[in-house]
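**Student:** For the protein sequence lines, the chains are A and Z, in the order given. Quick note, in this note's numbering, the first sequence goes up one by one and the last residue is 346. Quick note, in this note's numbering, the second sequence goes up one by one and the last residue is 1536. Quick one: the structure is below, questions incoming.
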Amino acid sequence: MTSRHLLVAATAAALALSLAACGDDDAGAEETTEESTASLVVYSGRNEDLVQPIIDRFAEETGMDVAVRYAGTGELAAQLLEEGERTEADVFFAQDGGALGAIAKEGLFAELPDETLELVDERFRADEGQWVGVSGRARVIAYNPDEVPEEEVPRSVRELTDPRWSGEVGIAPTNASFEAFVTGLRVLDGDDAARAWLEGIAANDVQIFDNNNAVLDAVDNAVVSLGLINHYYWYERVAEVGEDGITARLVFPGGGDPGALVNVAGVGVVATTDAGEEAQQFVDFLLGEEAQQYFAEETKEYPLIEGVETDAALPPLDELDPPEIDLSDLDTLAETQTMIQEAGLS
Amino acid sequence: MAGPALTHPPVPGTPGARGGGVASRRRTRPPAVLLVPALVAAGVALLPLVYLAVRAFERGPEVAFEIVWQERTLRLVLRSLLLAAVVTGLCLVVGVSLAWLTSRTRVPFRRLLTVLGALPLAVPSYVAAYIWVSFFPRIPPFAGSVLVLTLCTYPYVFLPVRAALQGTDPALEEVARSLGRGRWRTVLTVTLRQVRPAMAAGGLLVGLYVLSDFGAVSLLRFDSLTRVIYTSYRSSFDRTPAAVLGLVLVLVTITIVWAESRSRGRAAQARLGTGAARRHGLVRLGRGGTALALLWAAVVAGLGVAFPLVGLARWLVVGSSAGFDATRVVEAAGSTVAVSALGAALTVVLAIPVGVLAVRYRGRLVSAVEQAAYAGHALPGIVVALALVFFAVRYAFPVYQRTPLLVLAYAVLFLPAAVGAVRASVALSPPVLEEVARSLGRSPFQALRDVTLRVAGPGVAAGAVLVFLTCMKELPATLLLRPTGMQTLATELWSRTTVGAYAAAAPYAALLVVLAAVPTFLLTTRSTTLGGGGER
């Protein structure tokens, strides 16, 4: 083929593609017109596979048109901060309290009504009422029974600085759940003790991973013996590969240990929303029995309202004996991050 | 250095003698028809830089300098540079050796080896990294990152060098041999020198890719500058440190691009009559040599292509989430192809004026424009995405979270790949042709369209295909800028893997690899000019 023919062919192909794509773009535009008439735009840092089914039920029951934008909680928080008052989001459904706190701090959330807030224990919502927890997740210690028998697994994260665990502990220090835990440690034991603990595990050759799934993999593959994660990662894995397909097991530390912190996934209503009522309906739906039941059964999280039972596979929330921490006190994220970084962990 | 002179001997009587004279790059002011669009392209590419500057200095220069002058920042820069240097070096070894074997020797299955050599381009580096970690959980971070990134990016060297090896004039090597140089010395002293521009252009893309990569290094636990920028955006909500480190990364990139352009020198590569060039004689390797060559190619293809496919198959077998929602998969594939095609089209349109300018003109403005085009390339996708969020919500709200903005992000991210292709292929079109066209009364625009771009067409098309391929695999910017509800194969893959539903993720990953394999295959079917050399 001569270069001339090729060029003609390439141009034609490019043109055809762009036209095809433009057609698609029109479709997109249609979709987006729909979307601007959509009654509700939700930014969800929670995974589509986990929450879309319950959002579909909400849409069905209310007849609302709900557009959901999925990405990581951290990315969406950064996006919301960049968008500021021009955001199209009406609701932010986040994976952790830290991100909700950051948005609240910038004044981008509206205050929720007391009836909504009172559905949930005050530990699990913002003091000023800008966001409310929807489901609880417990920090746990994952262990590999081939490496450590269950009775030898430490029941406190404070023991992890012991030389016995040198090189044997996996963490995901840049993950919001780890940061919340360290903030909890600071609230409970004070900054000096928290710093000493971080430096202690760093000196103990703690193994660093990118996220909780990677930590769980490492425990499962005996790369490390112990790992600090959130409880539902293990249950998700069991759902995928079966309980026999995974070696790792969990210990719920309890005893008020900072390593037993219960964190939440939660929601806030964006202050600039033009669909305040619909947004409020959505929040109330998430705190209703149907949705709470769904989170208990399908995502193996802790329901946060009275009258909905925790899944039988999990130790009940009141037996977890988590540390006495109000999640609103966890808003000093920046200091925590500096501390983690200074200990050489991120 | 004698490089340029050696590369372009005026061998009388061969059709390969170039027709441009020494001053193939002019100092005259470029015509507005080139300069204006090139400036627009440079401006677009610089958007992330402006955003980073705003965010880095919003708390005052002291805070910014404090972050820069940390020992940790220096350590991260050095670690990232070390990774980029080692991967680039290995990619040159792998890419050039395979290119030479498939274009200059009589090794059997050359056609198949060529396709296999390019196929790793179709495997996203985050998928490859995940598969390596799941098979070898104890893989050391640095060695693992080197291995995975080398396997995923060496085609950036392989393709242009192969094209260059086919396109160069055989006369020079024949002269060297006839003057008594041995075969291997000729390869080392003449052949490699002839394809040096292609090696440099490919190596540059590899180096910048490694600097910008987040997915693979984070899975392999290698602490690079980009990984820290990314996690800092993701988790800290304090944008200053991330922005400052982003600026540092841009400075590093610009230094590398500048160094590469210095090394490229002022070599002119044009030769007349692309159709009349002679073919190279093919080297016989002997039995042992052939066996070694096949073994080498098989090892690279096995690690770079077969292994990831085995890994994907294992996802399907081990997991229980396997489910194939055909409509969903097809929809995701459709939007992936559509936005990637638009991305490739816009990127090439922006790259043409920059590439032509870089080949034809000299001067400070021209080098500034060319270097600006590279500015965004080493930045992680999340930075480019947030920069476009920043500008769009302020000045272009109607396109915010619409396809055009996503397409623009692709252009910012992947402009250099297209600029490299345009530059290399335009360099093959002797400027004298344009001058003749001008003297016959064509306008500069007509001369460019009817002469230069016609000669450079195949190379430019190859650049478009390369960008298309890269867009298909892009994740972080797509996540933040796509229209709400739109899914691409990469976003679907992300969605499934973050909850550990690997079996459900496998069809998306497999389709992504298969769809990307088609343009990759196209890249090998013609002798293309991605980074230098010629075509026939």
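Don't be surprised by glycine CBs; every beta carbon is placed ideally from N, CA and C. Quick caveat, the model's predicted, so the values are computed rather than measured.
1. Going by DSSP, what residue range makes up the alpha helix (DSSP H) through Y1209 of chain Z?
2. Could you have a look at T332 of chain A and say whether DSSP puts it in helix, strand or coil?
3. Flag this pair as yes or no: are the beta carbons of E1474 of chain Z and V1451 of chain Z separated by less than 7 Å?
4. For T1255 of chain Z, count neighbouring Cβ atoms within 10 angstroms of its own Cβ and tell me buried if that reaches 16, exposed if not.
5. Of the residues that make up the stretch 1373–1390 of chain Z, which ones have a beta carbon closer than 7 Å to any beta carbon in chain A?
6. Is there a Cβ from chain A that is less than 7 Å from the Cβ of A1212 of chain Z?
7. In the DSSP assignment, what are the bridge partners of R125 of chain A?
8. Which one of A:I325, A:P303 and A:S328 has the shortest CA to CA distance from P316 of chain A?
9. Quick one: what's T174 of chain A bridged to in DSSP?
10. Taking 8 Å as the limit between beta carbons, can you name the residues of its chain near V1068 of chain Z, skipping five residues before and five after?
11. Specify, as a first and last residue, the run of the beta strand (DSSP E) that S1080 of chain Z falls within.
12. What are the residues of the stretch 215–246 of chain A that lie near chain Z, defined by any Cβ-Cβ distance shorter than 9 Å?
13. Quick check: what's the CA-CA separation for L345 of chain A versus R69 of chain A?
14. Can you grab the Cα-Cα spacing for the pair G227 of chain A / A194 of chain A, in whole Å?
15. Can a CB atom of chain Z be found closer than 7 Å to the CB of R69 of chain A?
16. Throw me the rounded Cβ distance for the A1045 of chain Z and L1481 of chain Z pair, which I believe falls under 8 Å.
17. Report the rounded CA-to-CA distance for P1519 of chain Z versus A1437 of chain Z, giving the unit in angstroms.
18. Considering N263 of chain A, what are the terminal residues of the beta strand (DSSP E) in which it resides?
19. Fully enclosed by the stretch 240–319 of chain A, which beta strand (DSSP E) runs are 3 residues long or longer?
20. According to DSSP, is Y1374 of chain Z helix, strand or coil?
21. May I ask you to report which of helix, strand or coil DSSP gives R1221 of chain Z?
22. In the DSSP assignment, the alpha helix (DSSP H) including R155 of chain A goes from what residue to what residue?
23. Which residue wins for smallest C-alpha separation from L1469 of chain Z, given the options Z:G1343, Z:R1394 and Z:E1071?
24. Just checking: is the beta-carbon of Q356 of chain A within a distance shorter than 7 Å of some beta-carbon in chain Z?
25. Quick one: Cα of G45 of chain A to Cα of A1490 of chain Z, how far?
26. Pick out the complete alpha helix (DSSP H) segments inside the stretch 174–224 of chain A, 4 residues or longer, and give them in chain order.
27. If you follow the beta strand (DSSP E) that G107 of chain A is part of, which residue opens it and which one closes it?
28. Strictly below 8 Å CB to CB, what residues from chain A border Y1502 of chain Z?
29. Identify the contact partners of P1137 of chain Z in chain A, using a Cβ-Cβ distance below 7 Å as the criterion.
30. Are the beta-carbon atoms of S1134 of chain Z and C1152 of chain Z separated by less than 7 Å?
31. Secondary structure at L226 of chain A, three-state DSSP: helix, strand or coil?
32. By DSSP's criteria, A138 of chain A is part of a beta bridge. Which residues make up the other side?
33. Pairing CB atoms from the stretch 114–121 of chain A with CB atoms from the stretch 240–258 of chain A, are three or more of them under 8 Å?
34. Cα separation between V270 of chain A and W1494 of chain Z?
35. Is E85 of chain A near the ligand ADP, going by C-beta to nearest heavy atom under 6 Å?
**Tutor:** Walking through what the data contain:
1. Run containing Y1209 of chain Z: R1196 to S1212, per the alpha helix (DSSP H) assignment.
2. Note: T332 of chain A maps to coil in three-state DSSP.
3. In this structure, E1474 of chain Z keeps its C-beta atom at 7 Å or more from the C-beta atom of V1451 of chain Z.
4. Exposed, since its Cβ has fewer than 16 Cβ neighbours within 10 Å.
5. Contact residues of the stretch 1373–1390 of chain Z toward chain A are I1382, L1386, V1389 and F1390 (C-beta to C-beta distance below 7 Å).
6. Position check: residue 1212 of chain Z holds Ser in this sequence, whereas Ala was assumed. No - not a single Cβ of chain A is within 7 Å of the one on S1212 of chain Z.
7. In DSSP, R125 of chain A forms a bridge with A:V132.
8. When only C-alpha atoms are compared, the closest one is A:P303.
9. The beta-bridge partner set that DSSP reports for T174 of chain A is empty.
10. Counting only Cβ-Cβ distances below 8 Å, and skipping sequence neighbours, we find V1244 and V1248.
11. Residue range E1071 to R1104 is occupied by the alpha helix (DSSP H) that includes S1080 of chain Z, with no beta strand (DSSP E) assigned at that position.
12. Here the close residues are L216, D217, A218, D220, N221, A222, V223, Y233, E236, R237, A239, E240, V241, G242 and G245.
13. Distance from the CA of L345 of chain A to the CA of R69 of chain A, rounded to the nearest whole angstrom, comes to 32 Å.
14. The straight-line gap from Cα to Cα measures roughly 18 Å.
15. By the rule that beta-carbons nearer than 7 Å mark a contact, R69 of chain A touches chain Z.
16. Not quite, the Cβ-Cβ distance comes to about 16 Å (not below 8 Å), so this is no contact.
17. If you take the alpha carbons of P1519 of chain Z and A1437 of chain Z, they lie about 34 Å apart.
18. Per DSSP, N263 of chain A belongs to the beta strand (DSSP E) from V262 to V269.
19. Whole beta strand (DSSP E) segments, 3+ residues: 249–251 and 262–269.
20. Of the three classes helix, strand and coil, the one that applies to Y1374 of chain Z here is helix, per DSSP.
21. Reduced to three states, the DSSP call for R1221 of chain Z is coil.
22. Counting along the chain, R155 of chain A falls outside any alpha helix (DSSP H), and DSSP gives it neither H nor E.
23. Looking at the Cα atoms, Z:G1343 is the closest of the given residues.
24. A question about residue 356 of chain A goes unanswered here, because the residues of chain A that appear run from 1 up to 346.
25. A straight-line Cα-Cα distance of about 17 Å links G45 of chain A and A1490 of chain Z.
26. Listed in chain order, the complete alpha helix (DSSP H) runs (minimum 4 residues) inside the stretch 174–224 of chain A are 176–189, 191–203 and 212–220.
27. Neither: G107 of chain A is in no beta strand (DSSP E) and is coded neither H nor E.
28. The answer, in chain order, is E240.
29. For P1137 of chain Z, the chain A residues whose Cβ falls inside 7 Å of its Cβ are D217, A218, N221 and V223, in order along the chain.
30. Against a cut-off of 7 Å, the Cβ pair of C1152 of chain Z and S1134 of chain Z comes out as no contact.
31. Residue state for L226 of chain A is assigned as strand, using DSSP reduced to three classes.
32. In DSSP, A138 of chain A forms a bridge with A:V262.
33. Judged by Cβ distances under 8 Å, the stretch 114–121 of chain A makes no contact with the stretch 240–258 of chain A, as fewer than three pairs qualify.
34. Their Cα atoms are separated by approximately 26 Å.
35. Absence of the ligand ADP from the depicted structure is noted, as is the absence of any ligand whatsoever, leaving it without description.
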